[in-house]
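The sequence shown runs -24 to -1, 1 to 98 under mature numbering (1 follows the signal peptide of the UniProt record, and there is no 0). Note that CB positions come from ideal geometry on N, CA and C, so glycine has one too. Here the structure is a predicted model, which means the values were calculated and not measured.
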Amino acid sequence: MMRYGTICALATLLLCEAITPASAGNCLSRNEGFDLSSDTVHWTFSIRGGTDCLQGLRGRAMLIDEVKIVEPPAAGKLSIAGPAFFYRAPASGSSDRFKLQVVGENNRMRGTSVIVVDVSIR
């Protein structure tokens, strides 16, 4: 029984290591805040080819109900993970772009924002 537990723990560790983002948590050095008031903001970040980015979206007094992909990236892969996005850069390339729509409540006011994200791939 001990052997089975050790094998499961090792397999879980290896799986987690394989899917851990290179820049988990915050890919943007400085991002323009959005306030769910039908606003559009522009974000940029730089990432190495073949690596991942996990970026949270929630602000301090913000409740996010839904995040939608309005325009998918042309080259990379994008998925939504709760109030965050997960972007995987292609192995090579110079740039990419995608758009997200965020729906929720900010300071007790319901609304939406659009986030346009430009990615520089190194």
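Distance, residue j Cα to residue i Cα
i, j, result
"Gln31", "Pro49", "15 angstroms"
"Val90", "Ala37", "18 angstroms"
"Phe10", "Pro59", "13 angstroms"
"Asn7", "Leu39", "18 angstroms"
"Leu76", "Lys44", "6 angstroms"
"Cys3", "Thr16", "19 angstroms"
Paired residues, beta bridge with residue i - DSSP
i, result
"Thr20", "Asp94"
"Phe74", "Val93"
Beta-carbon contacts of residue i that lie in its chain and below 6 angstroms, excluding the five residues immediately before and after
i, result
"Pro66", "Ala51, Gly52"
Cut-off 8 angstroms between Cβ atoms - residues of its own chain near residue i, not counting five sequence neighbours on either side
i, result
"Ser13", "Asn82, Met85, Gly87, Ser89"
"Arg98", "Ser22, Ile23, Arg24, Gly25"
Opening and closing residue of the beta strand (DSSP E) in which residue i lies
i, result
"Leu12", "From DSSP, Leu12 is part of no beta strand (DSSP E); its letter is neither H nor E."
"Glu47", "38 to 47"
Spatial neighbours of residue i in its chain, beta-carbon cut-off 7 angstroms, leaving aside the 5 residues before and after
i, result
"Val46", "Lys75, Leu76, Gln77, Val90"
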